[in-house]
Amino acid sequence: MQPTRCFSPSRRRPDQSPNSTSFPKFWHTGSVRSAESQPQQCRRFQTASWRWHVCESHASPEFLRRLDAPHEMLKPPAQPVERVPPRTGAELVRLTVPESPSRPLFVKHYQPTPFWVSVKNMFRPSRARRAFENGLCLQRLGFRTAQPVAFGEHRRCFWLREAFFICEEVAQAVTFHHCFGTVSDPGQRRLLLRTLARQMAALHNANFSHGDPNGKNFMVSNSDFHNLVLIDLDALRPQRNLTLRAAVRDLRNLFRRSTLPERANLRFAIEYARARSPRLSARKVVEAVGS
Numbered sequence: 004m005q006p007t008r009c010f011s012p013s014r015r016r017p018d019q020s021p022n023s024t025s026f027p028k029f030w031h032t033g034s035v036r037s038a039e040s041q042p043q044q045c046r047r048f049q050t051a052s053w054r055w056h057v058c059e060s061h062a063s064p065e066f067l068r069r070l071d072a073p074h075e076m077l078k079p080p081a082q083p084v085e086r087v088p089p090r091t092g093a094e095l096v097r098l099t100v101p102e103s104p105s106r107p108l109f110v111k112h113y114q115p116t117p118f119w120v121s122v123k124n125m126f127r128p129s130r131a132r133r134a135f136e137n138g139l140c141l142q143r144l145g146f147r148t149a150q151p152v153a154f155g156e157h158r159r160c161f162w163l164r165e166a167f168f169i170c171e172e173v174a175q176a177v178t179f180h181h182c183f184g185t186v187s188d189p190g191q192r193r194l195l196l197r198t199l200a201r202q203m204a205a206l207h208n209a210n211f212s213h214g215d216p217n218g219k220n221f222m223v224s225n226s227d228f229h230n231l232v233l234i235d236l237d238a239l240r241p242q243r244n245l246t247l248r249a250a251v252r253d254l255r256n257l258f259r260r261s262t263l264p265e266r267a268n269l270r271f272a273i274e275y276a277r278a279r280s281p282r283l284s285a286r287k288v289v290e291a292v293g294s
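Encoded structure:
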């Protein structure tokens with residue numbers, strides 16, 4: 004079995020036949036290796052209205068039956084997650100299911116979009132698919148992300164009606180924004196800032212552009228200030244060769260949305276420039292971001 008490529012799930016070969024199961028029928032689509040070098044098997048199946056891709060670790064018959072009626076997962080006992088500021092176009096709930104008793108799931112429902120956005124979605128992957136594939140690819144590259152579980156799309160003649168993305172909850176985690184605002188020790192605050200700068204530099208070194216960089220899309224898990232966990236991966240965009248202009252745009256958006264002190268921005272830029280490959284001039288980074 005060939006490993007799947009990042010951002011492009013493999014297709015079933017003509018000589019492959021679906022595995023025989025009671026319901027629903029599905030087939031292997033390949034494997035993606037995570038940061039721990041463990042193969043991430045994915046299964047793909049289709050119902051009357053939905054096409055799903057599910058990680059093997061969660062592809063139990065009970066969970067697959069649940070995906071046949073995904074809107075039921077949005078109802079109680081699922082707990083709605085309030086987002087500040089509120090965001091339109093997506094609904095997020097936290098759900099505990101018997102198939103995953105040790106780790107609750109987050110279910111994100113991408114609702115119908117305006118007409119002009121729907122036209123674009125005919126020719127590009129849905130946000131749910133981007134979040135799923137970006138998560139698996141980032142894990143393969145050594146990044147820590149919320150574990151992707153599944154994504155599903157409802158299309159009619161290529162017209163995207165709605166989509167779902169499911170991932171595991173990050174254990175004992177708070178957002179970078181919350182942690183940086185509550186930590187009183189100056190040394191720990193500097194460590195958090197350096198870690199965020201290195202994380203952004205690592206994403207740019209891997210040719211990823213972040214369309215929504217802010218302190219709420221990075222999580223601190225188990226008070227580990229040396230490693231951050233990436234969430235909301237649908238805003239990440241893989242690039243063939245990330246330009247300095249695109250990197251500077253990400254940094255400007257991060258500074259504007261994170262409301263860090265000016266001195267903290269300077270420290271961030273210095274650490275970011277050191278972590279880039281090839282190494283950048285911190286002065287040029289500061290001047291480019293400030294211009």
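Each residue of the sequence shown is one higher than the one before, counting from 4 in my numbering. Backbone N, C-alpha and C fix where the C-beta goes; we use that ideal spot for every residue, glycine too.
Residue of the options minimising C-alpha distance to residue i
i: arginine 279; options: Arg193, Leu239 and Leu206; result: Leu206
i: serine 121; options: Gln191, Leu236, Phe146 and Gly92; result: Gly92
i: glutamine 150; options: Leu196, Ile234, His213 and Arg277; result: Ile234
i: valine 152; options: Leu70, Phe118 and Thr185; result: Leu70
i: proline 88; options: Val251, Pro128, Lys219 and Phe135; result: Lys219
i: valine 96; options: Met76, Arg90 and Pro115; result: Met76
i: arginine 86; options: Leu239, Val173 and Thr178; result: Thr178
i: proline 115; options: Ser105, Ala285, Gly184 and Phe167; result: Phe167
i: histidine 112; options: Arg106, Arg132, Glu136 and Phe146; result: Arg132
i: asparagine 244; options: Thr50, Arg127, Gly155 and Ser212; result: Ser212
Proximal residues to residue i (C-beta, below 6 Å), its chain only, five neighbours per side dropped
i: proline 216; result: Asp253, Asn256 and Leu257
i: alanine 62; result: Arg46
i: glutamate 102; result: Ser63, Glu65 and Phe66
i: glutamine 202; result: Leu231
i: leucine 98; result: Met76, Ala81, Leu108 and Val110
i: glutamate 156; result: Arg54, Ser129 and Ala166
Span of the beta strand (DSSP E), counted from its first residue to its last, around residue i
i: histidine 61; result: Where histidine 61 is concerned, there is no enclosing beta strand (DSSP E), given that its DSSP letter is neither H nor E.
i: leucine 239; result: 239-241
i: alanine 176; result: 176-178
Residue i, DSSP secondary structure in three states
i: glycine 145; result: coil
i: cysteine 296; result: Outside the shown range of the chain (4 to 294) lies residue 296, about which nothing can therefore be said.
i: arginine 8; result: The predicted position of arginine 8 is uncertain, since its pLDDT is 43 and thus under 50; no value can be drawn from it.
i: glutamate 136; result: helix
i: glutamate 75; result: helix
i: threonine 32; result: Because the pLDDT at threonine 32 is just 34, under 50, the model does not fix this residue reliably, and the point stays unresolved.
Residue span of the alpha helix (DSSP H) that contains residue i, given as start and end
i: methionine 203; result: 189-208
i: valine 288; result: 285-293
Cβ-based neighbour list, residue i, same chain, cut-off 7 Å, excluding 5 preceding and 5 following
i: tryptophan 162; result: Ser121 and Met125
i: phenylalanine 228; result: Gln191, Leu194, Leu195 and Thr198
i: alanine 267; result: Leu196
i: alanine 204; result: Tyr275, Ala278 and Arg279
Which ranges does the alpha helix (DSSP H) cover as unbroken runs of at least 4 residues, wholly within the segment 79-133, from first to last along the chain? 118-124
In chain order, which beta strand (DSSP E) runs of at least 3 residues are fully inside the segment 203-282? 211-213, 221-224 and 239-241
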